[in-house]
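Below is one structure; the comments refer to it alone.
Numbering (the working numbering), first residue to last: 2 to 178.
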């Protein structure tokens with residue numbers, strides 16, 4: 002019996018060491034050179050730009066946040082790329098993100114979110130002149146409707162179901178007509 006316990010303990014230790022080593026498997030090795038852009042800093046000294054490298058156990062499937070919930074790697078990346086109205090702090094308390102504040106209606110049934118002024122989309126050729134525009138309430142609405150739209154097969158629909166007046170009905174119509 003003691004020998005069996007020793008084998009199990011050794012197997013657990015080997016498994017733990019393997020799991021601990023997995024993140025390192027993607028590090029190092031030959032890399033293609035990255036063109037060095039001139040360093041930019043804000044007035045307060047925060048460095049802007051650069052290359053961010055992140056090791057995952059498999060390739061991401063999509064950067065589309067409506068599809069990220071069904072794939073843990075895509076979810077990890079999406080949660081670090083996209084902002085929501087609110088986010089959790091390290092103690093799992095809600096704090097402002099795109100919304101600078103929110104109000105609860107007196108009946109306790111509705112929230113009004115107030116967007117932070119001046120928040121912009123990143124510069125991209127998709128925008129006129131390549132310059133990102135200001136995020137609006139319509140952009141938030143569009144994002145919520147994309148999650149609700151059945152044709153997008155969003156794995157995150159469950160998190161909104163029954164919470165926003167009219168959203169379930171929108172989903173039932175199929176295309177939001």
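From the three backbone atoms N, C-alpha and C, an ideal C-beta is built for every residue, glycine too.
How should residue i be labelled, buried or exposed, when 16 other C-beta atoms within 10 angstroms of its C-beta is the threshold for buried?
i: residue 126; result: exposed
i: residue 149; result: buried
i: residue 160; result: exposed
i: residue 172; result: buried
i: residue 155; result: buried
What do you reckon, are the CB atoms on residue i and residue j nearer than 8 Å?
i: residue 100; j: residue 87; result: yes
i: residue 98; j: residue 84; result: yes
i: residue 67; j: residue 117; result: no
i: residue 163; j: residue 169; result: yes
Output the distance between the C-alpha atoms of residue i and residue j, rounded to the nearest integer angstrom.
i: residue 45; j: residue 135; result: 23 Å
i: residue 72; j: residue 78; result: 10 Å
i: residue 80; j: residue 74; result: 10 Å
i: residue 166; j: residue 122; result: 27 Å
i: residue 206; j: residue 157; result: Outside the modelled stretch of the chain, which goes from 2 to 178, sits residue 206, for which no answer is possible.
i: residue 109; j: residue 57; result: 41 Å
i: residue 39; j: residue 111; result: 47 Å
i: residue 151; j: residue 96; result: 30 Å
i: residue 145; j: residue 91; result: 25 Å
For residue i, collect the residues of the same chain with a Cβ closer than 8 Å to its Cβ; drop the 5 residues on either side in sequence, then sort them by chain order.
i: residue 124; result: 131, 132, 133
i: residue 119; result: 135
i: residue 128; result: 122, 134
i: residue 43; result: 49
For residue i, which residues in the same chain have their Cβ closer than 7 Å to its Cβ, ignoring the five residues on either side in sequence?
i: residue 113; result: 103, 104
i: residue 76; result: 69, 70
With a CB to CB cut of under 6 Å and the five nearest residues on each side skipped, what residues in its chain are close to residue i?
i: residue 41; result: 49, 50
Let me see if you follow: with CB-CB separation under 8 Å, is residue i close to chain D or not?
i: residue 169; result: Protein chain content of the structure displayed is limited to a single chain, and chain D is not contained in it.
Counting pairs of Cβ atoms below 8 Å between the stretch 92 to 111 and the stretch 62 to 74, do you hit three or more? no
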